[in-house]
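J.: In the working numbering, the protein residues as written are -1 to 384.
Ideal placement from N, C-alpha and C gives every residue a C-beta, glycine not left out.
Here's a structure for you.
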């Protein structure tokens, strides 16, 4: 350990011994260090039995009492995915029950509206069923805000994180997102994925298999007799996976390719311009490109596009059969739309359960020093509406 780390931890121990207990957030400010750095120190000290951890508070170890984090077989201090004896053990009153009692789970998501409303609801129900508590940080897709919110939740006592980083393509670009693998508590990626070789690829992950969902829609349209099917999706974290599944299905089923999208200009387009571009593409694809069906992401875009397509002489479903992706409001259209529905609620619930299992492992799992990480892909469902 480097000397300045030793000195800082000695200072933390002295302050705790002097005061009895101290809030982590206050201590980080007093010492002039980041909450994440201080959390790493605290994990190491708790693992050695020097201090007691609770919700956002550290305190002196009572004589004769085994501190949280002091069980045999605990993780290396600062590990990204500690199981037994790390932050998992520190709960209300100094310990967390095997079912998760006393644990605080932090969840960082872009929003609690639309798609993520069900994801958060699933996580909250799973967390509360185990006697733990969920706290949420919102990013609104702002650059860098995901890390800010993660640090904030850690500084207020989160024992583990459910994390949806602001990765535009759903997975990190070169040099992006390595910090997610360096967090000092167990972390599960939610509806995000990292490519092999990226540091975050070693994290637990629960996500929807959007490629499967897109392929399932293409398969259904093919079974209905369509041979030229288009994909219309604005750029979102879901788009790359949708396109991969769509293109794979078109190839596997021997379908005729849809007309290519017109090249985008150098300047970024506004939402209104992107919408107009999608409308023009679909009109041209139907009237001159032989397209008879489309998978449209998302529901709201489809509901807005359909009357405009009909105003341009493209009848739905006579000229263009439509399946939407997300199934948030597809059934509420004036003519209910068939849709692919990712298992959003189940994604949140599975991610929370996986994290809680990391924090409060069963005796069998705890006996293993390093249980394997898990990458869970849940298959979306296709709902056909007349």
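Identify which residue in 372, 346, 180 and 57 has its Cα closest to the Cα of residue 113.
T.: Here residue 113 is taken as the residue at index 115 of the chain shown, counted from 1. Of the listed residues, the one whose Cα sits closest to residue 113 is 346.
J.: Check the C-beta distance from residue 241 over to residue 277 and give it rounded, since I have them as a contact under 8 Å.
T.: Taking the first residue of the chain shown as position 1, residue 241 is located at position 243. Taking the first residue of the chain shown as position 1, residue 277 is located at position 279. Contact between residue 241 and residue 277 is ruled out by a C-beta separation of about 19 Å, above the 8 Å threshold.
J.: Any idea what DSSP makes of residue 199, helix, strand or coil?
T.: Walking along the chain shown from the start, residue 199 turns up at place 201. In this structure, residue 199 counts as helix in the three-state DSSP scheme.
J.: Closer than 7 Å by C-beta to residue 283: which residues in its own chain qualify, once you throw out the five before and the five after it? Chain order, please.
T.: Residue 283 sits at position 285 when you count from the first residue of the chain shown. These residues qualify, in order along the chain: 228, 256, 257 and 289.
J.: Which value, in whole angstroms, describes the spacing of the CA atoms of residue 339 and residue 324?
T.: Start at 1 with the first residue of the chain shown, and residue 339 comes out as number 341. Start at 1 with the first residue of the chain shown, and residue 324 comes out as number 326. Their backbone Cα atoms lie some 5 Å apart in a straight line.
J.: With 16 other CB atoms within 10 Å as the buried threshold, where does residue 357 fall?
T.: The residue given as residue 357 occupies position 359 in the chain shown. By the 10 Å Cβ count, residue 357 comes out buried.
J.: Nearest-angstrom Cα distance between residue 273 and residue 27?
T.: As a working note, residue 273 is residue 275 in the chain shown. As a working note, residue 27 is residue 29 in the chain shown. Approximately 47 Å, taken between the alpha carbons.
J.: On the premise that residue 135 lies in contact with residue 99, defined as a C-beta separation below 8 Å, what is that separation, rounded to the nearest angstrom?
T.: If you number the chain shown from 1, residue 99 lands on position 101. If you number the chain shown from 1, residue 135 lands on position 137. So it is not a contact: roughly 23 Å between Cβ atoms.
J.: Less than 7 Å between C-beta atoms, sequence neighbours within five positions excluded: which residues of the same chain meet that for residue 353?
T.: Residue numbering aside, residue 353 sits at position 355 when the chain shown is read from its first letter. For residue 353, where only same-chain residues beyond five positions count, the Cβ hits under 7 Å are 103, 158, 160, 184 and 186.
J.: For the region 122 to 185, list the beta strand (DSSP E) runs that are entirely contained and at least 3 residues long, ordered along the chain.
T.: 131 to 136 and 158 to 161
J.: Should residue 249 be labelled buried (16 or more other beta-carbon atoms within 10 Å of its own) or exposed?
T.: Residue mapping note: residue 249 aligns to position 251 of the chain shown, counting from 1. Flag for residue 249 reads exposed.
J.: Work out the CA separation of residue 315 and residue 303 for me, nearest whole Å.
T.: Position 305 of the chain shown, counted from the start, is the residue given in the question as residue 303. Position 317 of the chain shown, counted from the start, is the residue given in the question as residue 315. Rounded to the nearest angstrom, the gap between the Cα atoms of residue 303 and residue 315 is 13 Å.
J.: For residue 244, count neighbouring C-beta atoms within 10 Å of its own C-beta (all shown protein chains included) and say buried if the count is 16 or more, exposed if not.
T.: Working through the chain shown from its first residue, we reach residue 244 at position 246. Counting Cβ neighbours within 10 Å, residue 244 comes out buried, since at least 16 surround it.
J.: In three-state terms, what does DSSP make of residue 15?
T.: Along the chain shown, one-based indexing puts residue 15 at 17. Helix, per DSSP.
J.: Shortest alpha-carbon distance to residue 202 belongs to which of 355, 41 and 36?
T.: Counting from 1 along the chain shown, the entry for residue 202 is found at position 204. Per the Cα distances, 355.
J.: Can you tell me the Cα-Cα spacing of residue 268 and residue 233, whole angstroms?
T.: Residue mapping note: residue 268 aligns to position 270 of the chain shown, counting from 1. Residue mapping note: residue 233 aligns to position 235 of the chain shown, counting from 1. The alpha-carbon atoms of residue 268 and residue 233 are separated by roughly 12 Å.
J.: Expressed to the nearest angstrom, what Euclidean distance is found between the alpha-carbon atoms of residue 88 and residue 50?
T.: On the chain shown, position 90 is the one that residue 88 refers to. On the chain shown, position 52 is the one that residue 50 refers to. Residue placement at residue 88 cannot be trusted, given a pLDDT of 34 that sits under 50; what the coordinates show is reported in the next sentence. Looking at the two C-alpha atoms, the distance is approximately 8 Å.
J.: By a C-beta neighbour count over all protein chains shown, 10 Å radius and 16 as the cutoff for buried, is residue 296 buried or exposed?
T.: Taking the first residue of the chain shown as position 1, residue 296 is located at position 298. So residue 296 ends up on the buried side.
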